[in-house]
Amino acid sequence: MKPKILVALWAVLLFLLSLSLLLGFWGNVVLSTILIFVIAVAKAFLVGAYYMRLKWEPWYILWILLGGVVCLFILYFALVPDIIRGR
Amino acid sequence: MNHAVSHNSSVEVPVWRLGIWWFLASEIVVFGGLVVCYILYRFNHPEWGMEAGRTLLWVGSVNTVVLLTSSLTMILAHYSIVEKGDLALGRRYLGVTILLGLLFLCFKGYEYSHEIHAGLVPSRSLFWGFYYLMTGLHGLHVIGGLVANGVILGGLSQGRTPHRIESIGLYWHFVDVVWIFLFPLLYLASQGGAS
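Next up, the structure:
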């Protein structure tokens, strides 16, 4: 990718950061929290796709990373009985 | 380097890059495990909103800008060295990345010192235990990245062509991605109404 595009992407990331900072002070806590995390996912996607160049990697690299995410879901459901229901 | 590889192609990935991706997948489990535990406990502890409101939002925000900028200089170093073959320019970008990483740690040190003086220590509550554990582990990763970047910069100064810059670049961006999630979890999501 050309440096100009990389710098433009950096500017978009900073814009998204400012947006999430503004949302942090919005009164609607539930909606702002959801939007803040949607923005965080978008930022992570942009960094992963373009800075880490996942967009140009073969499909099985994504599966390797998804393996880690699947482990997290397993961990999540394994911990729910102890943390949420066990109190 | 050919970046025009189709997403669905069966082009071989070099073993070293495959290794880095496996390593990063394992890091997802390490950081993700902490994040999952934090979120689950957060549901049970609405008072954590008040605690999170005591973190220094401005330091966290500045550190986010610093890390995002270091990611940019890291990818520009990669571009300069691997795609343009300009070692001198790549060395400069890598130097700036290291300086930004050090700046991040300085801000973090200031933040820790401020919080410890205010009595916000890990034993105060589970929130602060998670806070120090997650940011501390992230800080250790930043230190690891700085050491690796320093080694590569040293190699560049001796005129060696480092294809390893791509590996450490992936690692550095991953550390950035982790911070992208830690920032709203620990600093931001509570500011509105301290739910």
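Just so you know, the protein sequences line up as chains Z and Y, in that order. Heads up: the first sequence begins at 1 in this note's numbering, then just goes up one per residue. Heads up: the second sequence begins at 1 in this note's numbering, then just goes up one per residue. Note that CB positions come from ideal geometry on N, CA and C, so glycine has one too.
DSSP places His45 (chain Y) in no alpha helix (DSSP H); its state is neither H nor E. Counting C-beta pairs closer than 8 Å gives three or more between the region 25–39 of chain Y and the region 64–80 of chain Z, which meets the contact rule.
Rounded to whole angstroms, the gap between the alpha carbons of Asp86 (chain Y) and Gly154 (chain Y) is 16 Å.
Note on Lys84 (chain Y): under 16 other CB atoms within 10 angstroms of its CB, so exposed under the neighbour-count rule.
When the Cα atoms are used, Leu13 (chain Z) and Phe183 (chain Y) turn out to be separated by approximately 14 Å.
In this structure, Tyr112 (chain Y) sits away from Pro122 (chain Y), with a CB-CB distance that is not shorter than 8 Å.
Look at Asn44 (chain Y): its C-beta is under 8 Å from a C-beta on chain Z. Within the same chain, no residue comes within 7 Å of Cys37 (chain Y) by CB-CB distance, once the 5 residues on both sides are set aside. Nearest CB-CB separation between Leu34 (chain Y) and chain Z: not below the 8 Å threshold.
Contact of Leu35 (chain Z) with chain Y is not assigned, every C-beta pair being separated by 8 Å or more. Taking a contact to require three or more Cβ pairs closer than 8 Å, the region 67–86 of chain Y and the region 171–188 of chain Y qualify as touching. Annotated three-state conformation of Phe23 (chain Y) is helix, per DSSP. Non-local beta-carbon contacts of Ile98 (chain Y) in its own chain, meaning distances under 8 Å to residues more than five positions away in sequence, involve Leu146, Asn149, Gly150, Leu153 in chain order. The C-beta separation of Leu76 (chain Y) from Leu6 (chain Z) comes to about 6 Å, placing the pair in contact by the 8 Å criterion.
In this structure, Y:Phe104 is the residue among Y:Ile143, Y:Gly129, Y:Gly19, Y:Phe104 with its C-alpha nearest to the C-alpha of Trp58 (chain Y). With respect to the 8 Å criterion, Val35 (chain Y) and Phe181 (chain Y) are classified as neighbours on the basis of their beta carbons.
Separation of the CB atoms of Leu156 (chain Y) and Leu94 (chain Y) is rounded to 7 Å, and the pair is thereby assigned contact status at 8 Å.
Taking all protein chains in view, the Cβ of Tyr50 (chain Z) is crowded by 16 or more other Cβ atoms within 10 Å, so the residue is classified as buried.
Taking the CA atoms as reference points, Ser20 (chain Z) sits about 8 Å from Leu188 (chain Y). Leu17 (chain Z) is a Cβ neighbour of Thr64 (chain Y), given a cutoff of 8 Å.
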